[in-house]
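Read through the structure below, which is laid out as structure tokens, and then see the notes.
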Amino acid sequence: MNVTSTRPTWIWQQPDWPNFHWQAAEIQPRLQELWRTLGILLGRVGSLSTGNDPAVLLDTLLQNIITSSAIEGERLNVASVRSSLARRLGVNDNGSAVSPRSEGLAEMMMDAIGFSDTVLTRERLIQWHRWLFPDAETSLVKLRVGQWRGEEPMQVVSGRIDKPKVHFEAPPRGILEDEMVNFLTWFEESRHDTALDPLLRSGIAHFWFVTLHPFEDGNGRLARAITDRALAQADRQSIRLYAMSAAILIERQDYYRVLEASQRGTPDLTDWLAWFLDTLLQTLAGVLADFDRILIKTRFWQRFGDTGLLPGQIKVLNRLLDGGERGFEDGISATQYQKVAKVSKATATRHLADLLAKGCLERLPGGGRSTRYRVAFPSCP
């Protein structure tokens, strides 16, 4: 007699679901490095007068909204979303027209991060879902907005219609209510659990919610909003400075790969949490690099701001200081200076000589027409 044992396909079918655990040897060093990096980042911010500028928060929220939607293949009107956020933050804006879509996304993100001390309830999640799909009633595609998904199986599939590949199947509707109660109860109670690292909590919350997949659509964006909320609860100061969705967008294929593998596994979330924490660290490293450039630029203008520089000279220096693809990383030539400053060749030569004499620029090795110049950075105090 042959006995066929049925092994669980999905993590929520495991007998110890959702008692998540992980290998401390893999996770703990990552957490230590993250908290160390967060400390450095907040130290950098403390040295800048713009650290609490609402415009800084606006840029972060905008990047989070735009990139979280891009992960799902949706391109938003950036100017419209920015205007919706600016109005809520009291930041001057050029007054671009807003839409129900941009208004809803701004409300959701502000509620997720700006009011992170409030309880994440069923009603709050449903309101987020309504904000996420404000035009659903007039859409040709019918969507259950503001309510849990229906009785039909919820599957994530790809491939041909006649040969679909099932990447994931969520818990059935019959147990969803209880599953969501468990998740929301844990999310509130775990905030006060001193034994659970708050950064680790944000990674668990992301995975747990997206695995339950309680809505017909928008689960990924809501999971990332919940992640932002958990990170804001972990450190309200630092969440103003980084958008984790931007790093997830860059690593989107890896994101889905690790997510699928973990959803087919056991409640040992080591692989998922390691990926999540590594991606968060990558996000913070990028912000730190940006702040290093800002600090250098600030020190530069503190030294040379009162030396009577001309508008063309200031424009070129800012391009050099900003770096990046448009920053002339190999130095700038007289011909390039002429084009950027929009001056004649003779004027460009005079401007460069003046910048050399004032100590703003230094000449790189080489001569003649190939002579190039770079910023002479002030020494750090």
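Okay, so the sequence shown: first residue is 0 according to numbering that gives the first Met the number 0, each after it adds one. Backbone N, C-alpha and C fix where the C-beta goes; we use that ideal spot for every residue, glycine too. Since this is a predicted model, take the numbers as computed values, not measurements.
Hey, out of 242, 261, 280, 88, whose CA is closest to residue 13's CA?
When each option's Cα is compared against that of residue 13, the closest is 261.
In the structure shown, what three-state DSSP assignment does residue 250 receive?
DSSP places residue 250 in coil when its eight states are reduced to three.
Going by Cα to Cα distance, which pick from 245, 255, 231 is closest to residue 157?
Ranking the options by Cα distance to residue 157, first place goes to 255.
To the nearest angstrom, how far is the alpha carbon of residue 380 from that of residue 328?
Its pLDDT being 41, under 50, residue 380 is placed unreliably by the model, and nothing is read from it.
At the level of alpha carbons, what is the spacing between residue 45 and residue 275?
Taking the straight line joining both Cα atoms gives about 27 Å.
From this set, 98, 281, 125, 142, which residue's C-alpha is nearest residue 110's C-alpha?
When each option's Cα is compared against that of residue 110, the closest is 125.
Over what stretch of residues does the alpha helix (DSSP H) that includes residue 27 continue unbroken?
Run containing residue 27: 23–45, per the alpha helix (DSSP H) assignment.
Using 7 Å as the cut-off, classify the Cβ of residue 75 as near or not near the heavy atoms of the ligand FMN, replying yes or no.
What this structure holds is no ligand at all, so the ligand FMN is not there to describe.
Across which residues does DSSP place residue 167 in a beta bridge pair?
Answer is 155.
Output the distance between the C-alpha atoms of residue 202 and residue 227, rounded to the nearest integer angstrom.
If you take the alpha carbons of residue 202 and residue 227, they lie about 10 Å apart.
Looking only at its chain, what residues have a beta carbon closer than 6 Å to the beta carbon of residue 90, apart from the 5 residues adjacent to it on each side?
Excluding residues within five positions, the ones whose Cβ falls inside 6 Å are 53, 54, 57.
Under 8 Å, do residue 25 and residue 269 count as touching if we go by C-beta distance?
In contact: residue 25 and residue 269 (Cβ atoms closer than 8 Å).
Name the DSSP bridge partner or partners of residue 328?
Residue 328 is not bridged to any residue.
What is the C-beta distance between residue 130 and residue 221, in whole angstroms, given that I count them as a contact (C-beta under 8 Å)?
Their Cβ separation, rounded to whole angstroms, is 10 Å, which puts residue 130 and residue 221 out of contact at 8 Å.
When you compare the CB positions of residue 74 and residue 95, do they come within less than 8 Å of one another, or not?
Not a contact, by the Cβ cut-off of 8 Å.
Hey, which unbroken runs of the alpha helix (DSSP H) at 4 residues or more fall wholly within the segment 278–349?
Within the segment 278–349, the complete alpha helix (DSSP H) runs of at least 4 residues are 310–321, 333–340.
How should residue 6 be labelled, buried or exposed, when 16 other C-beta atoms within 10 angstroms of its C-beta is the threshold for buried?
Its Cβ having fewer than 16 others within 10 Å, residue 6 is exposed.
Can you give the Cα-Cα distance for residue 196 and residue 272, rounded to whole angstroms?
One C-alpha to the other measures close to 12 Å.
Going straight from the alpha carbon of residue 319 to that of residue 300, what length do you get?
Cα to Cα, the separation comes out at about 13 Å.
For residue 361, list the residues DSSP reports as bridge partners.
Looking at the DSSP assignment, residue 361 forms a beta bridge with 373.
Grab me the residues of residue 225's own chain with a C-beta within less than 6 Å of its C-beta, minus the 5 sequence neighbours each way, in chain order.
The residues are 204, 208.
Whole-angstrom Cβ separation of residue 198 and residue 33, contact assumed at under 8 Å?
The pair is a contact, with the Cβ atoms about 6 Å apart (cut-off 8 Å).
To which residues of the same chain is residue 257 closer than 7 Å at the C-beta, ignoring the five residues directly before and after it?
Excluding sequence neighbours, residue 257 sits near 270, 271, 274.
Only counting the same chain, and skipping five residues up and downstream in sequence, which positions put a Cβ closer than 7 Å to that of residue 4?
Model confidence at residue 4 stands at a pLDDT of 45, short of 50, so the residue's coordinates are unreliable and nothing is read from them.
Helix, strand or coil for residue 128 per DSSP?
Three-state DSSP puts residue 128 in a helix.
Under 8 Å by Cβ, that's how I've got residue 303 and residue 359 pegged, so tell me the actual separation to the nearest angstrom.
The Cβ separation is near 5 Å, so the contact holds.
Based on DSSP bridge pairs, tell me the residues matched to residue 20.
Answer is 267.
Measure the C-alpha to C-alpha separation of residue 122 and residue 39 and round it to an integer number of angstroms.
Near 38 Å, if we compare the C-alpha coordinates of residue 39 and residue 122.
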